[in-house]
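The sequence shown begins at 3 in our numbering and counts up by one. The C-beta atom is built at its ideal place from N, Cα and C for all residues, glycine as well. Please read all numbers here as calculations on a predicted model, not as lab measurements. This report refers to the structure that appears directly beneath it.
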Amino acid sequence: MRIDVVSIFPGYFDALELSLLGKAKSRGLIDLRVHDLREAAHDKHRTVDDTPAGGGAGMVMKPEPWGEMLDGILADEDSGTEPLIIFPSPAGDVFTQRMARELAEERHLVFGCGRYEGIDQRVFDEYAERGRVRLVSIGDYVLNGGEVATIAMIEAIGRLLPGVVGNPESLVEESHEEDGLLEYPSYTKPAEWRGREVPPVLLSGNHAAVERWRREQRVERTRRVRPELLPEELREA
Ligand code: JFH
Numbered sequence: 003m004r005i006d007v008v009s010i011f012p013g014y015f016d017a018l019e020l021s022l023l024g025k026a027k028s029r030g031l032i033d034l035r036v037h038d039l040r041e042a043a044h045d046k047h048r049t050v051d052d053t054p055a056g057g058g059a060g061m062v063m064k065p066e067p068w069g070e071m072l073d074g075i076l077a078d079e080d081s082g083t084e085p086l087i088i089f090p091s092p093a094g095d096v097f098t099q100r101m102a103r104e105l106a107e108e109r110h111l112v113f114g115c116g117r118y119e120g121i122d123q124r125v126f127d128e129y130a131e132r133g134r135v136r137l138v139s140i141g142d143y144v145l146n147g148g149e150v151a152t153i154a155m156i157e158a159i160g161r162l163l164p165g166v167v168g169n170p171e172s173l174v175e176e177s178h179e180e181d182g183l184l185e186y187p188s189y190t191k192p193a194e195w196r197g198r199e200v201p202p203v204l205l206s207g208n209h210a211a212v213e214r215w216r217r218e219q220r221v222e223r224t225r226r227v228r229p230e231l232l233p234e235e236l237r238e239a
């Protein structure tokens, strides 16, 4: 998968070199290219922002640097398939595991990371008219820009790419765990730590009993923490 990222803070994406995603990159599974938006700003101060039309607080990102940068990336398109441009935004569709799975099927993703109060609306309109654009929110809280949201999405998408996760079983397990329940609690050795014991059923060697216990834990935890996720048949008064 090819991933282009446009940002005025390209250094944020150094974090993706670490561990899992770095390995995927060095093995050629992910071709990640990070672009500094300021390189498409040509005045002396490399200005990317201006005051909001109509007045109000804060600044808005100017359209021209975005146009030059995105045109350059789209012109460089070599995969033969049209890229999907994603703009992280508090006003976007909410990013979910389902969306991560869909996006993991794409050949080429472009992430446009806004700052300040966001990007001039005409940038979205221009690229939506020329191709595929999505505004995506990673949750109902306000970040200072799109960078952290983009890192979260790339990490969630990247681990779904064939060959990226070291242990393929963990993903197989996840996919049939897609019943919407929260996960069960995990334990490892030692069997007792600071007077706290690993639940004896997990040491019993009774695989069916372990599976039953984990299922109960998932249902109970979901009922307690996220009752709205409980499937109809598990809901009770
Ligand atoms: C982002 C920011 C919007 C709200 C005009 C009136 C109200 C600050 C670019 C994604 C999620 C983000 C996110 C993504 C991109 C940007 C800061 C945006 C407003 C705007 C204030 C700039 C935030 N899930 N949370 N946050 N910002 N203002």
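- Residue 188 sits in coil when the DSSP states are folded into three classes, being neither helix nor strand.
- Counting of Cβ neighbours within 10 angstroms places residue 235 among the exposed residues, the total staying below 16.
- Judged by beta-carbon spacing, residue 163 lies within the 8 Å limit of residue 3, meaning their Cβ atoms are closer than that value.
- Each of 84, 217, 135, 232 was checked against the Cα of residue 110, and the nearest Cα belongs to 84.
- Remark: C-beta atoms of residue 134 and residue 87 approach each other more closely than 8 Å.
- Collapsing the DSSP output to three states places residue 12 in a helix.
- Here residue 32 carries a coil assignment [DSSP, helix/strand/coil].
- Checking the 7 Å criterion, the Cβ of residue 119 is within range of a heavy atom belonging to ligand 1.
- Going by beta carbons, residue 48 and residue 35 fall outside the 8 Å limit.
- Residue 93 carries a strand assignment under DSSP once its states are collapsed to helix, strand and coil.
- Burial state of residue 129 is buried, judged by a 10 Å Cβ sphere holding 16 or more other Cβ atoms.
- At a cut-off of 7 Å, the beta-carbon of residue 144 counts as near ligand 1: some heavy atom of the ligand is closer than that.
- Between the beta-carbon of residue 50 and that of residue 115 there is about 11 Å, and that puts the pair past the 8 Å contact cut.
- The residues 35, 75, 112, in chain order, have a CB closer than 6 Å to that of residue 6 in the same chain once the five nearest residues on each side in sequence are set aside.
- Taking 7 Å as the cut-off, one finds at least one heavy atom of ligand 1 near enough to the beta carbon of residue 139.
- Residue 90 counts as buried, since at least 16 other C-beta atoms from the protein chains shown sit within 10 angstroms of its C-beta.
- Within the same chain, Cβ atoms closer than 6 Å to the Cβ of residue 31 are found at 163, 165, 166, the five residues on either side in sequence being excluded.
- No heavy atom of ligand 1 is found nearer than 7 Å to the CB of residue 67.
- Straight across, the Cα-Cα distance linking residue 93 with residue 194 is about 47 Å.
- The alpha carbon of residue 141 has as its nearest neighbour, out of 16, 121, 106, 98, the alpha carbon of 98.
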